[in-house]
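Undergrad: For reference, the structure I am asking about is given below.
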Amino acid sequence: DTAVSQTPKYLVTQMGNDKSIKCEQNLGHDTMYWYKQDSKKFLKIMFSYNNKELIINETVPNRFSPKSPDKAHLNLHINSLELGDSAVYFCASSLGQHSYEQYFGPGTRLTVT
Amino acid sequence: QKEVEQNSGPLSVPEGAIASLNCTYSDRGSQSFFWYRQYSGKSPELIMFIYSNGDKEDGRFTAQLNKASQYVSLLIRDSQPSDSATYLCAVVQGGSEKLVFGKGTKLTVNP
Numbered sequence: 001d002t003a004v005s006q007t008p009k010y011l012v013t014q015m016g017n018d019k020s021i022k023c024e025q026n027l028g029h030d031t032m033y034w035y036k037q038d039s040k041k042f043l044k045i046m047f048s049y050n051n052k053e054l055i056i057n058e059t060v061p062n063r064f065s066p067k068s069p070d071k072a073h074l075n076l077h078i079n080s081l082e083l084g085d086s087a088v089y090f091c092a093s094s095l096g097q098h099s100y101e102q103y104f105g106p107g108t109r110l111t112v113t
Numbered sequence: 114q115k116e117v118e119q120n121s122g123p124l125s126v127p128e129g130a131i132a133s134l135n136c137t138y139s140d141r142g143s144q145s146f147f148w149y150r151q152y153s154g155k156s157p158e159l160i161m162f163i164y165s166n167g168d169k170e171d172g173r174f175t176a177q178l179n180k181a182s183q184y185v186s187l188l189i190r191d192s193q194p195s196d197s198a199t200y201l202c203a204v205v206q207g208g209s210e211k212l213v214f215g216k217g218t219k220l221t222v223n224p
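Quick mapping for you: the protein sequence lines, in order, are chains A and B. According to this note's numbering, the residues represented by the first sequence are 1 to 113, in order. According to this note's numbering, the residues represented by the second sequence are 114 to 224, in order.
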């Protein structure tokens, strides 16, 4: 199926741990994004990559580090997890950096205890 | 941070009625406007986009844009229970590549 996929779907971990979330899209898009949706359902952009190049880097703690090995993949590594990192993290993609019709993955629900 | 404001609701309408969802934005430089639907526990799904002033219709959905008033709306005609979801308004900030989302309006369509 053509889609944006994320793994894992759920992630429960303790404070201080390091974890990664992976995203892949087979839509042939050039641009990928990470969003965070908090408990109040507010969806906010964190990072964006266009063809492996970082183009948006919001005010996010440097414990969060994205990596794009190729334009179909965008991973998110989080160091020293904190309680406030608990949220749903969505990956999305669009045709290009000037095409704002974005298609979202299913999300990763991260719970930090 | 430029703002995108939506009434959080919940907005409740009877089946078959017109649901009207509203959104205002603060950045006058914004040119592109989107509506996403998000079912509970699911990811946002793009349902409409509009770039020019006026109305844009797609099936039961109509997006309306008034740049002078900095106002975007979404009308859902003949509302169905399956339309019950949170509707997110999103605006591309002028001069940036960022899509800024409102907090969403929760719509409930009662059978």
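Built from N, CA and C at the ideal position, the CB exists for glycine as well. Small disclaimer: the values here were computed from a predicted structure and weren't measured.
Quick one: does glycine 84 (chain A) have its CB under 8 Å from some CB of chain B?
TA: no
Undergrad: Taking Cβ positions only, does glycine 105 (chain A) come closer than 8 Å to chain B?
TA: yes
Undergrad: Just checking: is the beta-carbon of leucine 43 (chain A) within a distance shorter than 8 Å of some beta-carbon in chain B?
TA: yes
Undergrad: Taking the straight line between their C-alpha atoms, what separation do you get for asparagine 26 (chain A) and serine 143 (chain B)?
TA: 30 Å
Undergrad: Going along chain B in order, which residues have a C-beta closer than 8 Å to the C-beta of glutamate 53 (chain A)?
TA: Ordered by position in chain B, no residue passes the 8 Å Cβ test against glutamate 53 (chain A), which lies about 12 Å from the chain.
Undergrad: So with CB distances below 9 Å, who are the chain A contacts of proline 123 (chain B)?
TA: Here the premise fails: no neighbours, minimum Cβ distance about 12 Å.
Undergrad: Going by C-alpha distance, which of B:Tyr152, B:Thr175, B:Asn120, B:Ser125 is nearest phenylalanine 162 (chain B)?
TA: B:Thr175
Undergrad: Within the 8 Å Cβ cut-off, does glutamate 170 (chain B) reach chain A?
TA: no
Undergrad: What's the call for tyrosine 89 (chain A), buried or exposed, on a 16-neighbour Cβ count within 10 Å?
TA: buried
Undergrad: Give the DSSP-derived three-state secondary structure of leucine 95 (chain A) in the structure shown.
TA: DSSP, read as helix, strand or coil, puts leucine 95 (chain A) in coil.
Undergrad: Three-state secondary structure (DSSP) at glycine 84 (chain A)?
TA: helix
Undergrad: I'd like to check one pair, arginine 63 (chain A) with serine 48 (chain A): are the Cβ atoms closer than 8 Å?
TA: Contact flag unset, no.
Undergrad: With 8 Å set as the bound, which would you pick, yes or no: does the beta-carbon of tryptophan 142 (chain B) sit closer than that to a beta-carbon of chain A?
TA: Note on residue identity: the sequence assigns glycine, not tryptophan, to residue 142 (chain B). Closer than 8 Å: no.
Undergrad: At a cut of 8 Å, does the segment 16-23 of chain A reach the segment 115-123 of chain B through at least three beta carbon pairs?
TA: no
Undergrad: When you compare only the Cα positions, how much space is there between leucine 134 (chain B) and aspartate 168 (chain B)?
TA: 14 Å
Undergrad: For histidine 77 (chain A), write down the residues that DSSP places opposite it in a beta bridge.
TA: A:Ser20, A:Ser65
Undergrad: Name the residues in the segment 11-26 of chain A whose C-beta lies less than 8 Å from a C-beta of chain B; which are they?
TA: Across the segment 11-26 of chain A, no CB contact with chain B closer than 8 Å is found for any residue.
Undergrad: Report the neighbours of lysine 40 (chain A) on chain B: residues whose CB is nearer than 8 Å to its CB, in chain order.
TA: Simply Lys216.
Undergrad: Taking the CB atoms as reference points, tell me whether valine 117 (chain B) and glycine 215 (chain B) lie closer together than 8 Å.
TA: yes
Undergrad: Would you mind stating whether tyrosine 152 (chain B) and alanine 203 (chain B) have Cβ atoms separated by less than 8 Å?
TA: Cβ atoms of tyrosine 152 (chain B) and alanine 203 (chain B): not closer than 8 Å.
Undergrad: What residues in its chain sit with their C-beta under 8 Å from that of proline 8 (chain A), if we drop five residues either side in the sequence?
TA: Ile21, Thr108, listed in sequence order.
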